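The letter at position 121 of the sequence shown is residue 369 when you use my numbering, and the numbering goes up by one with no holes. Backbone N, C-alpha and C fix where the C-beta goes; we use that ideal spot for every residue, glycine too. Remember, predicted model here, so these are calculated numbers, not experimental data. The next block holds one structure in the form of structure tokens; read it before the comments.
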Amino acid sequence: MRAWAAALLLAPAVVLAGGAPLDEIRQAFVRHGLHAPDGAALEGLGASGLAEGLRRIDPHARWFPPADYAREQADDAGVGVGAALSRWGERLVLAPYGEGALARQGVTSPVALVSVDGKPVAALSLREAAGRLAGAPGSTVRLALAAAGPAGAVRELTVPREPYRALSVESAEESGSPVVRVRGFVTRETRTLLGLAVQGLPGARGPLVLDLRDCPGGDLFEALDSAGLFLPEGTPLGETRDRGGRRQAYAAPGGAKLRGGSVVLWVGPGTASAGEVFAGVLRHYGVARLVGERTFGKCSSQTDLRLSDGSVLRLTNREVVLPGGESCSGGGLEPDSPVGREELLDGATLLRLSF
């Protein structure tokens with residue numbers, strides 16, 4: 249999202265003690281939101297239950313206090329167990345980084361998180377669960393992780409917390425076969441890393457497999473440029489539309505292109521926003537086939553508006569339309585080869601359906 253984030257300073261307004269500048273937030277939705285906001289929902293915004301009130305106006309809106317926003321923008325560096333935490337439908341899932349602490353203990357594929365230090369996490373929000381995983385460098389945390397497959401065997405591990413920097417693209421293996429994991433679209437990074445990862449694969453036997461199961465989005469334009477690696481220069485990639493009906497079309501850039509041949513994308517509820525756009529573009533042109541579960545359903549872009557107290561409001565400002573004229577918002581992308589809920593964590597099953 250960073251590439252199109254706008255730092256817009258709105259007119260000063262009354263700020264509630266310890267809370268958000270509600271008048272500025274209301275003005276932001278009126279002036280910049282994708283849809284005209286409901287007046288009653290705007291008036292109903294309050295310091296209590298602000299997150300829920302924002303979702304009534306825009307399902308993807310979020311308000312960040314200054315310190316929280318600074319942490320989110322800290323170049324994907326942090327301290328943790330060496331895995332991304334996300335929600336895939338009803339489950340909390342840890343997707344290990346290739347060189348992280350969790351991977352060194354033999355967990356190299358996404359797994360369902362059952363408990364942290366003996367406390368179940370199923371009923372927790374993503375933020376609450378992340379808080380339990382957090383801690384000082386050098387400390388440890390006890391994780392219960394559910395294995396893939398219907399048996400659902402649970403494994404317990406004690407994992408150290410370490411500094412890490414997450415890359416948006418990683419080369420990996422599933423059941424002995426190479427896959428490329430795309431974890432998000434980062435400005436001026438993902439397109440280059442994706443090209444290098446694909447070029448570094450051994451001689452192709454079968455399709456190129458890109459794992460987007462843990463790809464919640466990122467920079468829309470980086471996603472479009474990454475899709476353009478597989479398409480001839482000038483190929484239409486879709487367009488964005490704002491509330492006023494203004495349209496902006498995008499096309500595949502020139503430059504070196506990746507190898508021909510079939511591509512398989514692993515997708516699921518953790519595949520959202522820019523990840524869905526990338527997948528939708530490649531499927532539209534017959535370049536890629538989708539294997540997994542239905543994606544999240546958010547073909548839209550957002551902007552970050554900086555408010556007068558230093559906090560930031562993130563709101564939806566443009567709809568993304570795929571090359572065929574459709575949007576994935578609401579319904580998501582239905583896979584060409586769907587799998588059951590447990591099978592989405594089973595790399596061997598996904599590979600079998602990919603070849």
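*asked:* Please report whether the beta-carbon of Arg-335 lies at a distance below 8 Å from any beta-carbon of chain D.
replied: No chain D is part of this structure, which consists of one protein chain only.
_Contained beta strand (DSSP E) runs [length at least 3] in the region 318-349, N- to C-terminal order_ = The region 318-349 contains these whole beta strand (DSSP E) runs: 325-328, 331-336, 339-344.
*asked:* Measuring CB atoms only, is the region 450-468 touching the region 515-524, in the sense that at least three cross pairs come out at less than 8 Å?
replied: The answer is yes - the region 515-524 touches the region 450-468, with three or more Cβ pairs under 8 Å.
_Applying the 10 Å Cβ sphere with the 16-neighbour rule, what's the burial state of Arg-436?_
In the sequence shown, counting from the first residue as 1, residue 436 sits at position 188. It counts as exposed.
*How about the region 382-402 and the region 303-314: do they share at least three Cβ pairs that are nearer than 8 Å?*
Put simply, the region 382-402 does not touch the region 303-314. Fewer than three CB pairs are less than 8 Å apart.
*Please name the residue in Arg-319, Glu-376, Ala-395, Ala-382 whose C-alpha comes closest to that of Val-355.*
Counting from one through the sequence shown, the residue named residue 355 turns up at place 107. With distances taken between Cα atoms, Val-355 lies closest to Ala-395.
*Going by other Cβ atoms of all chains shown within 10 Å of its Cβ, with 16 needed for buried, is Val-402 buried or exposed?*
The residue you call residue 402 lines up with position 154 of the sequence shown. By the Cβ-count criterion, Val-402 is exposed, with fewer than 16 other Cβ atoms from all chains shown falling within 10 Å of its own Cβ.
*Please work out which residues of its chain come closer than 6 Å, Cβ to Cβ, to Leu-405, disregarding the five sequence neighbours upstream and downstream, and give them in chain order.*
The sequence position of residue 405 within the sequence shown is 157, counting from 1. Apart from sequence neighbours up to five positions away, the residues of its chain that approach Leu-405 with a beta-carbon distance below 6 Å are Gln-353, Leu-391, ordered along the chain.
*Which class does Asp-316 belong to by DSSP, given the choice of helix, strand or coil?*
Sequence index remark: in the sequence shown, residue 316 carries index 68 (1-based). Assignment of Asp-316 by DSSP, reduced to helix, strand and coil, places it in the helix class.
*Nearest-angstrom Cα distance between Phe-277 and Glu-300?*
Locating residue 277 in the sequence shown gives position 29, where the first residue counts as 1. Locating residue 300 in the sequence shown gives position 52, where the first residue counts as 1. Whole-angstrom Cα-Cα distance: 15 Å.
*Residues near Thr-543 by beta carbon distance below 6 Å, same chain, minus five either side*: By 1-based counting over the sequence shown, the position of residue 543 is 295. Val-515, Thr-519, Glu-524, Gly-580, Leu-581, listed in sequence order.
*Between the region 365-382 and the region 285-301, are three or more C-beta pairs nearer than 8 Å?*
Flag = no, the region 365-382 and the region 285-301 do not touch.
*Starting from Gly-486 and walking both ways along the beta strand (DSSP E), at which residues does that stretch end?*
Reading the sequence shown from its first residue, position 238 is the one you call residue 486. Start and end: 484-489.
_Using a 10 Å radius around the Cβ and a threshold of 16 neighbouring Cβ atoms, would you call Lys-546 buried or exposed?_
Start at 1 with the first residue of the sequence shown, and residue 546 comes out as number 298. If you draw a 10 Å sphere on the C-beta of Lys-546, you find 16 or more other C-beta atoms in it, and that means buried.
_Minimum C-alpha distance to Lys-235 - residue among Pro-480, Val-359, Asp-365_ = The question about residue 235 has no answer here: the residues shown for the chain are numbered 249 through 603.
*Where Ala-527 sits in the DSSP three-state scheme*: Taking the sequence shown and counting its residues from 1, one reaches residue 527 at position 279. Helix, per DSSP.
_If I follow the unbroken alpha helix (DSSP H) through Glu-582, where does it start and stop?_
One-based indexing of the sequence shown puts residue 582 at position 334. Note, Glu-582: premise wrong, no alpha helix (DSSP H); not H, not E.
*Quick one: Cα of Glu-360 to Cα of Gly-492, how far?*
Position 112 of the sequence shown, counted from the start, is the residue given in the question as residue 360. Position 244 of the sequence shown, counted from the start, is the residue given in the question as residue 492. The sequence as given places Ala at residue 360; Glu does not occur at that position. For Ala-360 and Gly-492, the gap between their C-alpha atoms comes out near 42 Å.
*Would you call Phe-312 buried or exposed, if buried means 16 or more other Cβ atoms sit within 10 Å of its Cβ?*
Looking up residue 312 in the sequence shown gives position 64. Buried is the call here.
_Ignoring anything shorter than 3 residues, give me the beta strand (DSSP E) runs that lie fully in the region 372-432, in order along the chain._
List check, beta strand (DSSP E) in window: 388-394, 402-408, 410-413, 417-422, 425-430.
*Can you tell me whether DSSP reads Val-519 as helix, strand or coil?*
Here residue 519 is taken as the residue at index 271 of the sequence shown, counted from 1. What sits at residue 519 in the sequence shown is Thr, not Val. Assigned with DSSP and collapsed to three states, Thr-519 falls in coil, not helix or strand.
*For Asp-365, does the count of other Cβ atoms within 10 angstroms reach 16, so buried, or fall short, so exposed?*
Reading the sequence shown from its first residue, position 117 is the one you call residue 365. Taking a 10 Å sphere around the C-beta of Asp-365, we find fewer than 16 other C-beta atoms and assign the residue as exposed.
*Helix, strand or coil at Asp-473 [DSSP, three-state]*: Residue numbering aside, residue 473 sits at position 225 when the sequence shown is read from its first letter. The answer is helix: DSSP assigns Asp-473 an H, G or I state.
*Locate the beta strand (DSSP E) running through Val-359, then write down its first and last residues.*
Along the sequence shown, read from residue 1 onward, the residue named residue 359 stands at position 111. 359-364 is the extent of the beta strand (DSSP E) around Val-359.
*At which residues does the alpha helix (DSSP H) containing Ser-559 begin and terminate?*
Residue numbering aside, residue 559 sits at position 311 when the sequence shown is read from its first letter. Here Ser-559 belongs to no alpha helix (DSSP H), and DSSP marks it neither H nor E.
*Are the beta-carbon atoms belonging to Gly-346 and Ala-420 less than 8 Å from one another?*
Mapped onto the sequence shown, residue 346 falls at position 98. Mapped onto the sequence shown, residue 420 falls at position 172. Yes, the pair counts as a contact, with Cβ atoms nearer than the cut-off.
*Pick from Pro-586, Asp-584, Gly-558 that is closest to Ala-315, judged by C-alpha positions*: Here residue 315 refers to the residue found at position 67 of the sequence shown. Answer by Cα proximity: Gly-558.
*Based on the DSSP output, what are the partners of Leu-442 in its beta bridges?*
Within the sequence shown, residue 442 is the residue found at index 194, counting from 1. Residue pairing from DSSP leaves Leu-442 without any beta-bridge partner.
*Have a look at Tyr-533, Val-560, Pro-571, Leu-415 and flag the residue whose alpha-carbon is nearest the alpha-carbon of Ala-318.*
Working through the sequence shown from its first residue, we reach residue 318 at position 70. Comparing Cα positions, the closest option is Val-560.
*asked:* Restricting to Cα atoms, I'd like to know which of Glu-574, Val-587, Ser-510, Tyr-498 is closest to Phe-478.
replied: By one-based count along the sequence shown, residue 478 stands at place 230. When C-alpha distances from Phe-478 are compared across Glu-574, Val-587, Ser-510, Tyr-498, the shortest belongs to Ser-510.
_Beta-ladder partner(s) of Tyr-498, from DSSP_ = Numbered from its first residue, the sequence shown carries residue 498 at position 250. BP columns for Tyr-498 point to Gly-486.
*Is it the case that the Cβ atoms of Glu-567 and Thr-488 are separated by a distance below 8 Å?*
The residue you call residue 567 lines up with position 319 of the sequence shown. The residue you call residue 488 lines up with position 240 of the sequence shown. Result yes, Cβ atoms of Glu-567 and Thr-488 sit closer than 8 Å.
*Going straight from the alpha carbon of Phe-469 to that of Pro-368, what length do you get?*
In the sequence shown, the residue the question calls residue 469 occupies position 221. In the sequence shown, the residue the question calls residue 368 occupies position 120. CA-to-CA, the gap between Phe-469 and Pro-368 works out to about 38 Å.
_Assuming the contact rule is C-beta atoms closer than 8 Å, Arg-431 and Val-327 should be a hit. Round their C-beta distance to whole Å, please._
Taking the sequence shown and counting its residues from 1, the one referred to as residue 431 is at position 183. Taking the sequence shown and counting its residues from 1, the one referred to as residue 327 is at position 79. Val-327 and Arg-431 do not touch by the CB rule: their CB atoms are close to 18 Å apart, not below 8 Å.
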